[in-house]
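Peer 1:
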Amino acid sequence: MPSYTAPVKDMQFLLHDVLKVTEAGIEGYADLDEGFTSAVLEEAGKVASGVLAPLNAVGDREGCTLENGVVRTPKGFKEAFEAMKQGGWTALDCDPAYGGQGLPYLMGTAVGEIFVSANMAFNMYQGLTHGAYSAIHTHGTPEQKAMYLPKMVSCDWTGTMNLTEPHCGTDLGLMRTKAEPQADGSYRITGQKIFISAGDHDLSENVIHLVLAKAPGGGEGTKGISLFIVPKFLVNDDGSLGARNAVSVGKIEEKMGIHGNATCVMNYDGATGWLLGDLHKGMRAMFTMMNEARLGVGLQGYAVAEAAYQNALNYAKDRLQGRAVTGAENPDAPADPLIVHPDIRRNLMEQKSFVEGARALTFWGAHLIDRSVRQDDEAAEGLISLMIPVIKGFQTDKGFEMAVQAQQVYGGHGYIEEWGMSQFARDARIAMIYEGANGVQALDLVGRKLAQDGGKHVMAFFEMVKAEVKAHDDDARMAPFAEALKTASKQLQQAAMFFMAQGMKNPNAALAGSYDFMHLMGHVCMGLMWTRMARAAFTALDEGRGDADFLNTKIATGRFYMARQLPACAMHLARIETGADPVMALAAEAF
Amino acid sequence: MKVLVPVKRVIDYNVKVRVKADGSGVDLANVKMSMNPFDEIAVEEAIRLKEKGVATEVVVVSIGVKQSQETLRTALAMGADRAILIEAAADVHTDIEPLAVAKLLAGVVKEEAPGIVLAGKQAIDNDMNATGQMLAALLGWSQATFASELAVEGDKATVTREVDGGLQTISVALPAVVTVDLRLNEPRYASLPNIMKAKSKPLATKTPADYGVDVSPRLTVVKTTEPAGRKAGVKVGSVDELIAKLKDEAGVI
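Protein chains in written order, with UniProt numbering: chain A, 1 to 591; chain B, 1 to 253.
1. Apart from the five residues on each side of it in sequence, which residues of its chain come closer than 7 angstroms, Cβ to Cβ, to residue 254 of chain B?
2. Which same chain residues end up closer than 6 angstroms to A/E253 when comparing Cβ atoms and leaving out the 5 residues on each side of it in sequence?
3. With a threshold of 7 angstroms between beta-carbons, can A/W419 be considered close to chain B, or not?
4. Determine the contact status of A/H130 and A/T160, defining contact as a CB-CB distance below 7 angstroms.
5. Return the chain-ordered list of same chain residues with a C-beta closer than 7 angstroms to the C-beta of A/Q405, the five sequence neighbours on each side being excluded.
6. Looking only at C-alpha atoms, which of A/M266, A/Q441 and A/A198 sits nearest to A/M521?
7. Is the Cβ of B/S200 closer than 7 angstroms to any Cβ of chain A?
8. In terms of residues, what are the limits of the beta strand (DSSP E) holding A/K178?
9. Could you check whether B/V10 and B/N36 sit closer than 7 angstroms to each other, using their CB atoms as the reference points?
10. In three-state DSSP terms, what is residue 670 of chain A?
11. Roughly how many whole angstroms lie between the Cα atoms of B/K8 and B/V109?
12. Is it right to say A/P104 is buried, meaning 16 or more other beta carbons lie within 10 angstroms of its own, or is it exposed?
13. Throw me the rounded Cβ distance for the A/M421 and A/D397 pair, which I believe falls under 8 angstroms.
14. Is A/G447 helix, strand or coil when you go by DSSP?
15. Would DSSP call B/H93 helix, strand or coil?
16. Would DSSP call A/M175 helix, strand or coil?
17. Using a Cβ-Cβ distance under 7 angstroms, would B/L4 count as near chain A?
18. Quick check: the stretch 113 to 129 of chain A against the stretch 295 to 309 of chain A, are at least 3 beta-carbon pairs closer than 8 angstroms?
19. Quick one: what's B/Q143 bridged to in DSSP?
20. Could you please give the first and the last residue of the uninterrupted beta strand (DSSP E) stretch that includes A/S49?
21. What are the boundary residues of the beta strand (DSSP E) that includes A/F233?
22. By the DSSP assignment, the alpha helix (DSSP H) with A/Q408 in it spans what residues?
23. Tell me the rounded alpha-carbon separation between A/S372 and B/V222.
24. So with Cβ pairs under 7 angstroms, would you call B/R73 a contact of chain C?
25. Evaluate A/S134 with the Cβ neighbour count: other Cβ atoms within 10 Å of its Cβ, from every protein chain shown; 16 or more gives buried, anything less gives exposed.
26. Can you give me, in chain order, the residues of the stretch 26 to 48 of chain B that have a beta carbon less than 7 angstroms from any beta carbon in chain A?
27. Please list, in chain order, the chain A residues whose beta carbon lies closer than 9 angstroms to that of B/L182.
28. A/D547 CB to nearest chain B CB: under 7 angstroms?
29. Could you check the C-alpha separation between B/S68 and B/S62 for me, to the nearest Å?
30. Do you know how far the Cα of A/A121 is from the Cα of A/R72?
31. Distance cutoff 7 angstroms, beta carbons only. Does B/E226 sit that close to anything in chain A?
32. Can you list the residues of chain A that B/E70 reaches, using a CB-CB cut of under 8 angstroms?
33. According to a CB-to-CB cut-off of less than 9 angstroms, which residues of the stretch 189 to 216 of chain B neighbour chain A?
34. Near A/Q502, which residues of its chain fall below 7 angstroms by C-beta distance, leaving aside the five closest residues on each side in sequence?
35. Going by other Cβ atoms of all chains shown within 10 Å of its Cβ, with 16 needed for buried, is A/Q565 buried or exposed?
36. Fully enclosed by the UniProt domain "Acetyl-CoA dehydrogenase-like C-terminal" (461 to 586) of chain A, which alpha helix (DSSP H) runs are 4 residues long or longer?
Structure follows, in structure tokens:
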């Protein structure tokens with residue numbers, strides 16, 4: 001059975017040595033002293049290891065069931081959800097005006113990673129609620145906020161997001177669900193939504209569905225779409241629950257992973273809904289939450305890989321197979337542990353250097369979101385918006401790959417269910433698909449984000465990387481980092497130039513290279529993070545602070561990433577520069 | 001009634017303990033430290049006494065290095081009301097011996113006048129199992145050790161003790177020192193709002209000199225060694241052979 005321990009030391013290093021949160025000058029950050037963040041992360045870690053992780057395999061094995069229209073979650077989920085609510089964890093970064101704890105999004109991200117690593121499927125019930133909370137908080141009327149937010153902050157009521165329909169996934173313009181205005185100001189919502197995570201369950205008293213639907217007069221395509229609040233139980237003026245709304249679960253899907261989360265077909269049969277935000281501006285309302293939602297999925301990518309890595313590492317230290325090629329390291333036993341073998345090391349180093357780099361990138365992303373939200377910092381807003389498709393697409397691709405590599409360490413034992421490693425791979429797989437499939441992320445990056453605001457944000461990104469490279473000129477120890485980052489960022493710029501030159505005359509050339517560009521930029525971002533982490537580690541060592549073993553391990557892990565992973569950038573650039581021809585050469589019939 | 005709970009910062013029970021190369025003790029540098037698990041049970045019990053209306057205030061005290069503050073904050077986050085840190089060492093490897101700790105606690109008891117001192121039965125680092133008993137002796141108070149149940153009524157406490165081969169229930173007059181065993185309760189997780197509140201709860205810092213106690217060691221550590229590794233076992237061919245071995249070789253039956 002897999003186990004999980006929260007990587008508090010690594011998180012503390014990021015918060016206090018790399019991001020230096022208390023000096024960042026962001027509202028609410030001054031309170032994040034080392035003692036406090038350690039207390040929060042340690043306690044979240046205890047809940048994760050003691051309550052959530054033991055339910056991970058249970059959720060996978062039992063799954064959710066639908067009987068007589070009622071969805072039941074796996075055994076133990078209800079009690080665990082109650083523990084999360086009682087612990088106040090669901091309210092962590094929510095608005096104190098509605099019962100939240102008001103901590104920065106960065107802290108929510110760190111704690112979120114811990115809970116996702118321990119039990120991704122379980123954490124989604126709260127995660128989806130947080131998304132719906134944000135939408136109502138941003139776009140709701142004062143009455144709507146007063147009615148829904150306090151109960152959603154406490155997770156007495158949970159939330160969902162309803163976008164997809166059977167014939168319309170990425171292309172929401174094809175949407176058919178309709179909203180008919182009623183005399184009392186409400187709308188009648190009719191249609192079918194599918195793939196609704198946490199669509200229904202037995203963990204909360206009420207489920208608040210946010211539903212995209214077409215109201216009359218909005219025109220064709222996505223322009224006519226509005227966003228509606230459709231509660232499972234209608235809410236009376238005094239806040240008590242009233243009649244059951246005309247929304248029901250058609251079925252729950254059988255999936256490859258995240259079995260503990262109920263993925264529902266939701267039928268709206270003239271259900272009562274209320275407009276959230278402006279009429280016909282539903283897509284815009286959805287997009288305001290996109291950064292947080294996609295960062296959250298990017299987080300899932302590496303958080304599951306972290307849990308898988310921890311177990312693979314333990315196994316590699318315990319399992320005795322073969323002898324070290326340089327001579328027995330464990331002569332009293334019949335064989336050496338797996339970890340002596342260079343290819344096992346290669347595998348573990350790839351996992352470790354990815355997870356730690358992705359954690360740094362995600363924390364930095366959350367920090368930029370705090371900057372943009374709490375300080376109205378437009379440069380931060382532009383930068384995070386540029387990086388979101390990279391964080392989502394790159395980290396979930398790699399997260400899955402690393403979960404598979406962790407499984408590989410176990411050999412045949414990774415493939416049988418008993419050891420739990422297959423679950424990590426199956427759970428991680430969905431993160432590449434939902435919240436915008438990774439191909440769509442690449443399209444968003446190359447087709448939209450690069451050129452956004454006249455290319456201002458990508459230029460700012462290049463400048464930032466350049467400044468980072470230059471900052472370490474006088475420190476020879478940093479050369480392996482600065483030089484590799486310089487090479488990779490030049491390759492990234494060259495790829496961007498290629499798109500600019502080709503884009504106008506042959507848009508297929510840009511799109512054929514978009515996936516490689518997303519990965520190329522992902523590696524550059526990771527290289528940037530490893531450079532910053534190495535700098536912070538050297539500084540701490542120079543000042544005699546912290547745990548020297550931890551810091552030296554950090555530097556060596558970074559060197560591995562720079563030396564062994566950044567060279568992938570050259571391959572991605574080479575592919576990009578072949579343009580559209582190799583990809584588009586075949587006529588569709590020729591396949 | 002006030003309840004005083006001494007808490008010790010010890011090596012985390014999940015950490016694989018390594019003996020220092022010179023054999024002078026175990027390596028505590030950059031190792032994860034936590035509240036002694038038995039003390040956590042004592043804190044939990046004190047908070048429950050407060051929730052039942054038996055206790056009015058829960059005061060936690062820790063003796064050791066400055067970082068013991070974190071351990072005190074953990075207790076405050078669980079629900080203790082205020083904390084006292086007696087800074088008695090600068091190096092994490094300096095262990096304050098039970099007698100010195102008991103004397104310091106006796107000093108705190110004189111100032112705070114609690115109705116009960118609830119302590120862990122022992123700390124998981126040195127397993128001395130001495131401080132509670134010494135404290136009771138110094139104060140001239142009743143003591144009830146290894147508690148697995150505790151009920152307070154008026155000026156008496158009824159304590160069920162885990163003794164060899166069973167349970168013993170005794171009644172002690174208050175004030176008393178009660179040391180707690182593993183099965184007394186299951187400590188709660190601190191909630192996020194309480195972790196945040198703990199930041200602003202009072203934490204007083206004192207020194208041994210404030211209590212006139214000399215904490216210099218009276219014991220000498222001769223050596224520290226790792227436990228011997230497990231020897232390989234043997235397979236027996238039959239039940240008879242097993243019984244013969246248990247009788248003749250192991251001498252256990």
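In this text, a Cβ means the ideal position worked out from N, Cα and C, and glycines have one as well.
Peer 2: So, from the data block:
1. Any question about residue 254 of chain B goes unanswered here, given that chain B covers just 1 to 253.
2. Along the first sequence, one-based indexing puts residue 253 of chain A at 253. Residues of the same chain with a CB within less than 6 angstroms of the CB of A/E253, apart from the 5 flanking positions on each side, are T263 in chain order.
3. Taking the first sequence and counting its residues from 1, one reaches residue 419 of chain A at position 419. No - not a single Cβ of chain B is within 7 angstroms of the one on A/W419.
4. One-based indexing of the first sequence puts residue 130 of chain A at position 130. One-based indexing of the first sequence puts residue 160 of chain A at position 160. For A/H130 and A/T160, no; Cβs fall outside 7 angstroms.
5. As a working note, residue 405 of chain A is residue 405 in the first sequence. So the list reads N347, E350 and Q351, once near-sequence residues are dropped.
6. Stepping through the first sequence from its first residue, residue 521 of chain A is reached at position 521. Nearest C-alpha to A/M521: A/Q441.
7. Taking the first residue of the second sequence as position 1, residue 200 of chain B is located at position 200. Cβ-Cβ to chain A under 7 angstroms: no for B/S200.
8. Along the first sequence, one-based indexing puts residue 178 of chain A at 178. Looking at the DSSP string, the run of the beta strand (DSSP E) that includes A/K178 is K178 to P181.
9. Position 36 of the second sequence, counted from the start, is the residue given in the question as residue 36 of chain B. Position 10 of the second sequence, counted from the start, is the residue given in the question as residue 10 of chain B. Taking the C-beta atoms as reference points, B/V10 is found nearer than 7 angstroms to B/N36.
10. A question about residue 670 of chain A goes unanswered here, because the residues of chain A that appear run from 1 up to 591.
11. Taking the first residue of the second sequence as 1, we reach residue 8 of chain B at position 8. Taking the first residue of the second sequence as 1, we reach residue 109 of chain B at position 109. Answer to the nearest angstrom: the Cα atoms are 17 angstroms apart.
12. Counting from one through the first sequence, the residue named residue 104 of chain A turns up at place 104. Counting the other CB atoms within 10 Å of its CB gives A/P104 a total of 16 or more, which places it among the buried residues.
13. Along the first sequence, read from residue 1 onward, the residue named residue 421 of chain A stands at position 421. Along the first sequence, read from residue 1 onward, the residue named residue 397 of chain A stands at position 397. About 19 angstroms separates the two Cβ atoms, so there is no contact after all.
14. By 1-based counting over the first sequence, the position of residue 447 of chain A is 447. Three-state DSSP puts A/G447 in a helix.
15. Mapped onto the second sequence, residue 93 of chain B falls at position 93. Here B/H93 sits in coil by DSSP.
16. As a working note, residue 175 of chain A is residue 175 in the first sequence. Reduced to three states, the DSSP call for A/M175 is coil.
17. Here residue 4 of chain B refers to the residue found at position 4 when the second sequence is read from its first residue. Answer no: the Cβ-Cβ gap between B/L4 and chain A never drops below 7 angstroms.
18. Touching, per the Cβ criterion.
19. Position 143 of the second sequence, counting from 1, holds the residue named residue 143 of chain B. For B/Q143, which the question treats as bridged, DSSP gives the partners B/V177.
20. Indexing the first sequence from 1 puts residue 49 of chain A at position 49. A/S49 -> no beta strand (DSSP E), and no H or E assigned at all.
21. To locate residue 233 of chain A, count along the first sequence from 1; it is residue 233. Where A/F233 is concerned, the enclosing beta strand (DSSP E) stretches over F233 to V235.
22. Here residue 408 of chain A corresponds to residue number 408 of the first sequence, with the count starting at 1. Its alpha helix (DSSP H) spans residues E378 to V409.
23. Stepping through the first sequence from its first residue, residue 372 of chain A is reached at position 372. Stepping through the second sequence from its first residue, residue 222 of chain B is reached at position 222. One alpha carbon belongs to A/S372, the other to B/V222, and they sit about 60 angstroms apart.
24. Protein chains A and B are contained in the structure displayed, whereas chain C is not.
25. What you label residue 134 of chain A is simply residue 134 of the first sequence in a count that begins at 1. Burial call: buried.
26. Those would be N30, in chain order.
27. Reading the second sequence from its first residue, position 182 is the one you call residue 182 of chain B. The contacting residues do not exist; B/L182 stays about 16 angstroms from chain A at best.
28. Within the first sequence, residue 547 of chain A is the residue found at index 547, counting from 1. The beta carbon of A/D547 sits closer than 7 angstroms to some beta carbon of chain B.
29. The residue you call residue 68 of chain B lines up with position 68 of the second sequence. The residue you call residue 62 of chain B lines up with position 62 of the second sequence. Each residue's Cα considered, the two are about 7 angstroms apart.
30. Your numbering for residue 72 of chain A matches position 72 in the first sequence. Your numbering for residue 121 of chain A matches position 121 in the first sequence. Taking the Cα positions, A/R72 is about 14 angstroms away from A/A121.
31. One-based indexing of the second sequence puts residue 226 of chain B at position 226. Closer than 7 angstroms: no.
32. Numbered from its first residue, the second sequence carries residue 70 of chain B at position 70. From the beta-carbon of B/E70, the residues of chain A found nearer than 8 angstroms are G35, S38 and A39.
33. Of all residues in the stretch 189 to 216 of chain B, only Y189, A190, S191, L192, P193, N194, I195, M196, A198 and K199 come within less than 9 angstroms of chain A when Cβ atoms are compared, listed by chain position.
34. Your numbering for residue 502 of chain A matches position 502 in the first sequence. Result list for A/Q502: A509, A510 and G579, in chain order.
35. Against the first sequence, residue 565 of chain A aligns to sequence position 565. With 16 or more neighbouring CB atoms inside 10 Å of its own CB, A/Q565 falls in the buried class.
36. Unbroken alpha helix (DSSP H) stretches of 4 residues or longer found wholly inside the UniProt domain "Acetyl-CoA dehydrogenase-like C-terminal" (461 to 586) of chain A: 479 to 503, 507 to 512, 514 to 542, 548 to 560, 568 to 576 and 581 to 584, given in chain order.
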